Structures are given as C-alpha cells and as structure tokens.
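Below you'll find the structure, written out as structure tokens, and then a few comments.
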Amino acid sequence: IAAFVNKKYKTKGDEGPVGGFGFFECINDQATANFLFDTARKWLEAKGMYAMDGPINFGERDRWWGVQVGGFQQPLYCMNYNPRYYQQLFEGYGFKVFFNQYCYALKVKDKLQDKFYKRHDEVAKNPDFRAVHIKKDQLEKFAHDFVTVYNKAWAGHGGLKTMDHRLVIGMFNAMRPVMDERISWFTYYKDEPIGVWLNIVDLNQWFKYLNGRFDWFGKLKFAWIKLTKKNKKFNGIIFGIVPEWQGKGIDSYMIMEAAKIIQDRHLYEDYELQWIGDFNPKMMNVAASLGTDITRHLITYRLIFDPAKEFKRHPLV
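Going by this note's numbering, the residue at position 39 of the sequence shown is 43; the numbering climbs one at a time, nothing skipped.
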C-alpha cells in the first residue's frame with residue numbers, strides 16, 4: 005500500500021484535508037489488510053488529514069482509480085483489476101462507498117436512438133457549429149482547445165484540478181504512436197471550443213500478446229502486432245460540453261458527426277466508455293441513452309478518521 009497527500013485533491017463539502025492511498029495488494033486475509041490500512045491511516049493522520057480515499061492514484065481520475073467489484077472481464081487499459089475479495093477487505097475495515105463507478109459498452113454498428121438524429125439536425129442547421137476529429141499534425145492546437153473545455157467543464161469538481169496545456173500536449177504526444185485520429189472529436193461554436201470527446205483504441209487488445217514484457221524485443225513485437233492484428237475495440241476516455249452549452253443538443257451533434265465516420269466506415273466493432281461516477285447523473289443518462297449496457301462496476305471508498313463526524317457521499321455535479 006502507498007499513502008500520499010495532494011493539497012490540490014479536494015471535493016466540494018469536505019470538512020478537512022483528505023489523503024489518498026493506492027497500490028494496494030493483499031492476500032485474502034482481513035488481519036493483513038487491516039495492518040496495511042492502519043499503516044496508511046496513521047501516516048495520513050500524522051500529516052493532518054481527517055479522512056482517506058482509495059484506492060486512488062497521484063494524478064487524474066482517468067486511470068487506476070477505484071476497486072473493481074463487478075464485471076470481471078478482460079481488463080481495460082489503465083483500469084484497476086483486482087481480486088473479488090477486495091471489496092470485503094475494504095468494507096470489513098470500515099470503509100464506506102464515496103461513489104460508485106460504472107462502465108458502459110455498446111456495439112458500434114447499432115443504430116442510435118432517433119432523438120440523436122433530430123437534435124443533431126437542429127444544431128447542424130446553424131453554420132456556426134462544426135465538429136472535427138483530432139489531427140496529429142495539429143496536436144498543440146487541439147491541446148489548447150482541450151484545456152479550454154476541460155477547465156470550464158470539470159476543473160473544481162470532486163478534486164479535479166485545472167489542466168495546463170503543456171501537460172495535455174505531453175499526453176497527446178504520448179498517445180501519438182497509437183492514436184487513431186478518426187475517433188477523437190472536438191466541437192466548436194464560431195471557432196470557440198465547446199465540446200470534446202476523446203477516445204483511444206483498446207491497447208490491451210494488443211498488449212495481451214506481450215506477456216507483460218515491453219523491453220526492446222517487446223516494442224518490436226508490439227509494432228508488428230499493431231500492423232498485423234486489427235483492433236476491434238475502442239474506449240471512451242472523456243466526454244464533455246462546457247456548461248453554457250449543456251442541454252442544447254451539442255452532445256448529440258458531436259456524437260452523430262463522429263458516427264458518420266466511425267459507423268459508416270466500420271472502423272470498430274465494440275465501444276466501451278471509461279467509468280462514470282454516480283455523482284454525475286447527467287453523464288450517466290447520456291451513456292444510457294446510447295443504448296449501452298453496464299459492463300463494469302468499481303467503487304471509490306472513503307474512511308473518516310473521527311467516527312463522530314458525519315459521512316457524506318460525493319456531491320452531485
């Protein structure tokens with residue numbers, strides 16, 4: 005187990021500073037788990053924390069976040085995959101559910117509901133709106149546009165920090181070797197970015213052939229696999245609209261513009277959305293309206309050190 009303090013990690017309504025822990029690995033034994041949790045707790049209490057959340061990581065919520073408690077199928081890239089008994093170990097220690105996390109999946113070929121077409125057509129009548137997919141030769145521009153949307157739509161919600169374009173440029177450049185330009189989209193109004201939908205091919209469909217090795221030979225093997233084995237699945241990383249344009253059909257517009265390429269060209273067979281927290285019912289409704297099925301269930305737990313203090317779930321956004 006690893007415990008850590010991030011001063012920028014804050015959730016609206018917190019009554020004090022909250023620490024985090026992650027990298028939890030344990031046999032199926034409550035006493036052993038308690039020893040690990042106690043170690044993290046004592047260290048965080050000494051640092052002045054009033055609670056701890058976990059399992060989480062040092063960075064953003066898009067990777068290695070939460071305990072998997074349902075949907076134990078092939079793991080997604082950068083998503084926790086743990087033994088089933090972890091849930092019992094956490095709850096046996098006294099952790100409570102801070103929020104649930106759900107993944108959603110669908111078949112790419114399936115027709116979307118009629119309302120998506122209608123809302124798309126209403127927005128498309130206005131030439132001030134346009135949707136374009138990302139381009140590798142313009143990553144710096146798209147990084148700036150991503151930061152604009154992200155900081156308006158997510159920053160400040162539940163411990164999410166504002167993003168700097170340099171961080172995003174680094175992220176985009178790291179994705180470049182495996183980036184499929186046709187599956188990540190941006191929407192603009194009069195050239196102002198108002199929506200973003202980032203997706204990535206399911207890298208585990210390729211990585212599974214490397215048997216955990218990524219040395220020089222593994223990298224050569226990966227390059228060969230990437231060229232010779234078609235990846236049939238892509239995953240949703242992030243989807244959002246800036247607040248002033250939410251509820252105005254922009255989500256449907258962006259989805260349908262992307263579908264013209266992704267569906268019509270039969271690029272992939274399966275699509276799975278990264279987890280959505282139950283503190284975000286609007287986004288859960290969007291996912292459900294796509295005709296998806298829930299495929300995975302994870303939980304982020306919280307423990308308040310003083311049992312006299314009231315426990316509160318993650319606030320809705």
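Glycine is no exception: its CB is placed at the ideal position from the N, C-alpha and C atoms.
Please read these numbers as outputs of a predicted model, since none were measured by experiment.
Cβ-Cβ distance between Gly4 and Leu48 below 9 Å:
Any answer about residue 4 is impossible in this case: the structure gives the chain only from 5 up to 321.
For Gly70, does the count of other Cβ atoms within 10 angstroms reach 16, so buried, or fall short, so exposed?
buried
Inter-residue Cα distance where the pair is Gly295 and Phe120
Rounded to the nearest angstrom, the two C-alpha atoms are 11 Å apart.
CA nearest to the CA of Asp206, picked from Gly17, Leu143, Thr15, Leu271
Leu271
DSSP bridge partner residues for Arg134 (one or two, in chain order):
Tyr192
Buried versus exposed call for Ile241 [16 or more other C-beta atoms within 10 Å across all chains shown]
Classification for Ile241: buried.
Just reading off the beta strand (DSSP E) that His301 is part of, what are its end residues?
297-308
Leaving aside the five residues before and after Gly26 along the sequence, list all residues of the same chain whose C-beta is less than 7 Å from its C-beta, in chain order.
Excluding positions up to five away in sequence, the list reads Ala6, Gly58, Pro59, Ile60, Asn61, Trp68.
Beta-carbon contacts of Leu277 that lie in its chain and below 8 Å, excluding the five residues immediately before and after
Cys107, Tyr108, Ala109, Asn239, Gly240, Phe243, Ala291, Thr296
Out of curiosity, what's the CA-to-CA distance linking Asn289 and Met258?
Cα to Cα, Asn289 sits roughly 16 Å from Met258.
Report all residues from its chain with a CB closer than 7 Å to the CB of Val112; omit the five preceding and five following residues, and keep chain order.
Answer for Val112: Ile266, Gln267, Tyr272, Glu273, Asp274, Tyr275, listed in chain order.
Who are the near neighbours of Gln74 in its chain, counting only those whose CB is closer than 6 Å to its CB and skipping five residues on each side?
A small fix is needed here, since residue 74 is Gly in this sequence, not Gln. These residues qualify, in order along the chain: His301.
Near Asn284, which residues of its chain fall below 7 Å by C-beta distance, leaving aside the five closest residues on each side in sequence?
The residues are Val321.
What did DSSP end up calling Tyr29 once you bin it into helix, strand or coil?
According to the sequence as given, residue 29 is Glu; it is not Tyr. Note: Glu29 maps to coil in three-state DSSP.
Between Lys316, Ala312, Ile308, which lies nearest to Val52 when the distance is taken from Cα to Cα?
The question names Val, but residue 52 is Gly in the sequence shown. Nearest Cα to Gly52 within the set Lys316, Ala312, Ile308: Ile308.
Measuring alpha carbon to alpha carbon, tell me which of Thr166, Lys139, Phe190, Phe102 ends up nearest Met183.
Lys139
Which term fits Tyr85, buried or exposed, when burial requires 16 or more other beta carbons within 10 angstroms of its beta carbon?
exposed
Counting pairs of Cβ atoms below 8 Å between the segment 206-220 and the segment 166-181, do you hit three or more?
no
How many angstroms separate the CA atom of Lys313 from the CA atom of Ile31?
31 Å
As an exercise, report each continuous beta strand (DSSP E) stretch of at least 3 residues that is fully enclosed by the segment 43-87, in chain order.
55-58, 71-74
Consult DSSP for Ile242 and reduce its assignment to one of helix, strand or coil.
strand
Cβ-based burial, Thr191 [other Cβ within 10 Å; buried from 16]:
buried
As assigned by DSSP and simplified to three states, the class of Asp274:
strand
If we call anything under 9 Å between Cβ atoms a contact, is Val151 one with His169?
yes
Please determine, among Ala44, Arg65, Met260, Ile245, the residue with the shortest C-alpha to C-alpha distance to Ile2.
Any property of residue 2 remains undetermined from this structure, which presents the chain solely from 5 to 321.
Can you check which of these residues, Met287, Ile303, Lys264, Asp310, is closest to His137 by C-alpha distance?
That would be Lys264, whose Cα lies nearest to the Cα of His137.
When DSSP labels each residue in this structure, what does Lys286 get in the three-state scheme?
helix
Where does the unbroken alpha helix (DSSP H) through Gln105 begin, and where does it stop?
Taken as a continuous stretch (DSSP letters only), Gln105 belongs to no alpha helix (DSSP H), being part of the beta strand (DSSP E) at 100-111.
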